[in-house]
Amino acid sequence: MDTNDSGATYPKTPQPGFLSRSVFSTNHKTIGLQYLWLALLSVFLGMALSLLMRIHLVWPGAHIPFFSDLGDLPERYAALIVLHGSLMVFMVLTAAPQAGFGNYFLPLQIGAREMAFPTLNLFSFWATATSLLGITAAFFLQQELGVTVWLTSVALFCAASLFTAFNFTVTVLDLRAKGMTLSRLPLTAWAWFLTAILAALIFSILLAACVLLLSDRVLGTHFFAITAAFSAPISSFAAPGVPVTWQRLFWFFAQAEVYVAMLPCFGIATHLLATFARKPVWKERAVVLALCAVGVFGFCIWGQHMFASGMNPYSPLVFALLASSLGLPALVLLFSWLGTLWNAKIQLTTSMLFVLGFISLFMAGGLSGIFLARQDLAAAAVSDDFITGHFHLVMGVAATFAILGALFFWFPKLFGRRLNEPLGKLHFWLTFAGVYAVFMPMHWLGLISHTRVSSVSQLQAVTTLGADLRAFITVASILTIAAQGIFLFNFLASLLRGEKADVQNPWRATTLEWSIASPPPFDDFGPCDPVVYRGAYEFSLPDVAEDFVPQHLAPEQVAKVR
Amino acid sequence: MPSTTAPPDIELIIEDIGGGGGRGKPPAGGDDGGDSGPGGKGGGNRPRPSPPSSRRYYTGMALGIVSILMFFMALASAFLVRRGTSLDWVPVRLPPVLLVNTLILLSSSLTLELARRRLGQTDLGGFRTLWSVTTGLGLLFLLGQLIAWRQLVSAGVFIASNPASSFFFIFTGLHALHLFGGVGALLYVALRKFELAKISRSVAAEITSYYWHFMDALWVFLLALLYLGR
């Protein structure tokens, strides 16, 4: 730990110089925005890669400019998957909701002015940026070197995520404003906090796995690759040649990583839902407990990914039980969302649409998760396509919808301008239809690939159906990705000449970030520390004039109904 | 220099009272107006920004220790799984110098605590001497680990020889790397001019001591694992 981490003293003034102000800044807002830009770059890069894969699956001979010139070795396709996965999971799903929005809005929401260790935060961001560069560069390098560079980049990302996690946890625990008790913490802050704890535990596991694997590649050790002459004895449960040790370490990380990506999205969705339903979060305390439970269960179910690779015959049952029990907190969250929406005067802004889309996608994807959590079904009934469809719905696009909802919600605070609503709604509906058209058929594809056929004609029918489905998915994904151009245009155009958000609280939200100007001044709250007087979701109180009461409003400042 | 003693410690006490977020008595909540809560109309007497408390360093170090523990537990579990599923395991004969190193490291924890006691008695000279002894013992331990490595190498046991030797070098190497960071922290506490720092000497010394003792215990655990899991 770096004990020499110095924040600026108060009152802060903007430091001179472009580099220290905008590039190597220790200000949490600058760093948060930098993460968001990084994620925006990565998400379009990742989408382009998925497009390449889809085209390659359906039209394998097609000539793609630039990409085809890199050669057509089979490893190229594997590299596409690895690069797409690492960009999307690390740089988008992990970085955007947590490090991006979290860095910007966690200190603002809890009245902290800064992260606990600003210099460490600066290091984290630049390590993440370097890691992105390394992961991308690995794709173009010669294969052996490329894998090593990729692995080093992932290890660097682990270190950066660990430091970010320390920063978030300590900030929530020790830097909350006066009156911001844990029960008054916005659910977004709760989610960022729990995510940080989870991340602090699991990224060290992936770091250890990366160190061992790097040692295997560079120092010639054999931690994971057991040579054929020494393959596992018959008595062992492990199938020979399967790097079980790597799988254990990796899935210990990766299963929990799903919740590192999803927890902030749960928090954001619940927060936005209450704001746009103009109602308090239904059973707020149960939601907090459910978020904790997601973290705890998510930490314990790595084994469900190893049903196929051989383990003690009794352990799959345990993992299946634990994995299935994840449905409980998910149900609590769902009921809270529905309870919040019940009888509400819902404001269908683009942000709200994306949140509702998030809930729809999370539920649709979560349902297929019930099949995958059962060791017998997972092993026998489904193939890779089913799993691809499942986790893209529940983790990939669901989380992306929450991120987009958050972006539409916070854009006025970030830039002082508003995103265009009609364009946003058009983008939402096209994307919403598009992702279902892409990922639902994948479930079907996964199911039919295990169809038992008893005649040649049946086999032909199944094969034709599979080919048709693949072509359909590819066409749908091309259209869906094309629709993202609307978003990109909306984003850039609104950034430059969007409608000015002339009020500092356009959504009439309650949390502290809306009590200051948009975009927030360099020192956030000015010369005085904020004080919090109430919970985060006081909407539509019976005897109050306004339909919301901000957290910073003292009881005697609240205007009453006459 | 026993004359310049007291200020850092007094500073620490003041800082701790000013402790941080949310722990202070929360202002009256609820929406039953008429409560004489702080902050009049317009929030005129909101609190001025208080100097940052040092509690964040304790929390940060606690979290860091948990993370490092997870890191080494991942390695230890890899060790156990690899040990159980392979036939290519050739036990490593642990060099006896490791026992000497262990004693050196344990005694460094002792001198560290003695040094902190001197600091508590505002005996800065005694603190500096014992703190330097601790740093020296830490460096001596690292030297001893290097000797153990050289003994193994000269006996023909390399990192790539077999899984057992690989784990030995990886465990000792990564622990040494972390301990090297601890030596850096010791030097920081010894050399930093704390009159200018946000953190007081005794807080820095206390946080460093947590890390150092943790490294100490971790080494004992790793040595036991390496010995029992041969």
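Just so you know, the protein sequences line up as chains A and B, in that order. Each residue of the first sequence is one higher than the one before, counting from 10 in my numbering. Each residue of the second sequence is one higher than the one before, counting from 4 in my numbering. Glycine is no exception: its CB is placed at the ideal position from the N, C-alpha and C atoms. Since the model is a prediction, treat every value here as computed from it, not as a measurement.
- Taking 8 angstroms as the threshold, the shortest C-beta distance from B/Met73 to chain A falls below it.
- Residues of chain B whose Cβ lies closer than 9 angstroms to the Cβ of A/Asp477 do not exist, since the nearest Cβ in that chain is about 44 angstroms away.
- By DSSP's assignment, A/Phe548 forms a beta bridge with A/Phe557.
- Between the region 395-408 of chain A and the region 450-467 of chain A there are three or more C-beta pairs closer than 8 angstroms, enough to call the two in contact.
- Partner residues in the beta bridge of A/Lys187, as assigned by DSSP, are A/Val540.
- Under the three-state reduction of DSSP output, A/Lys354 falls in the coil class, being neither helix nor strand.
- Among the residues of chain A, those whose CB is under 7 angstroms from the CB of B/Arg85 are Phe232, Thr254, following chain order.
- Under the Cβ distance rule, A/Ile90 does not count among the residues neighbouring chain B, no pair being separated by less than 8 angstroms.
- Shown here for B/Phe174: same chain residues with a beta carbon closer than 6 angstroms to its own, the five before and five after excluded, namely Leu225 in chain order.
- Among the residues of chain A, those whose CB is under 9 angstroms from the CB of B/Gly67 are Met10, Leu171, Phe175, Ala209, following chain order.
- Among the bridge pairs identified by DSSP, B/Lys196 is matched with none.
- Close CB contacts of A/Ala302 within its chain, under the 6 angstroms cut and outside five residues either way in sequence, are with Pro338 (chain order).
- For A/Ile379, the closest C-alpha among the options A/Leu340, A/Val156, A/Phe367 is that of A/Leu340.
- Using beta-carbon distances, A/Ala218 counts as an interface residue toward chain B, with a partner under 8 angstroms.
- Within the DSSP secondary-structure output, A/Lys569 pairs in a beta bridge with A/Val553.
- Spatial neighbours of B/Phe130 in its own chain (CB-CB distance under 7 angstroms, excluding positions within 5 residues in sequence) are listed in chain order as Ala118, Arg121, Leu122.
- Between A/Leu216 and A/Ala164, the beta carbon gap of about 6 angstroms places them in contact (Cβ cut-off 8 angstroms).
- Closer than 8 angstroms to the CB of B/Pro99 there is not a single CB belonging to chain A.
- Note on geometry: alpha-carbon atoms of A/Glu522 and A/Leu428 lie some 18 angstroms from one another.
- Of all residues in the region 144-168 of chain B, only Ile162, Ala163, Asn165, Pro166 come within less than 8 angstroms of chain A when Cβ atoms are compared, listed by chain position.
- For A/Arg85, the closest Cβ of chain B is not nearer than 8 angstroms.
- Looking at the backbone, the Cα of A/Ile73 and that of A/Ala518 are separated by about 48 angstroms.
- With a minimum length of 4 residues, the unbroken runs of alpha helix (DSSP H) contained wholly in the region 101-136 of chain A fall at 110-119.
- In the DSSP assignment, A/Lys434 falls within the alpha helix (DSSP H) that extends over 430-457.
- Partner residues in the beta bridge of A/Arg426, as assigned by DSSP, are A/Lys509.
- The CB of A/Val179 comes closer than 8 angstroms to the CB of Arg59, Thr62, Gly63, Leu66 in chain B, given here in chain order.
- Contact of B/Thr105 with chain A by beta-carbon distance below 9 angstroms is absent, the smallest such distance being about 23 angstroms.
- Of A/Leu342, A/Leu330, A/Thr145, A/Thr180, the smallest CA-CA separation from B/Gly63 is found for A/Thr180.
- For B/Thr88, the nearest CB of chain A lies under 8 angstroms from its own CB, placing it at the interface with that chain.
- Counting the other Cβ atoms within 10 Å of the Cβ of B/Gln148 gives 16 or more, which makes it buried.
- Relative to A/Ala510, the option among A/Ile525, A/Leu497, A/Leu196 whose CA is nearest is A/Ile525.
- Interface with chain A (8 angstroms Cβ-Cβ cutoff): B/Ser205 is excluded.
- Counting the other Cβ atoms within 10 Å of the Cβ of A/His459 gives fewer than 16, which makes it exposed.
- Under the Cβ criterion of 8 angstroms, B/Ser56 is counted among the residues facing chain A.
- DSSP places A/Gln467 within a helical segment (H, G or I) once states are collapsed to three.
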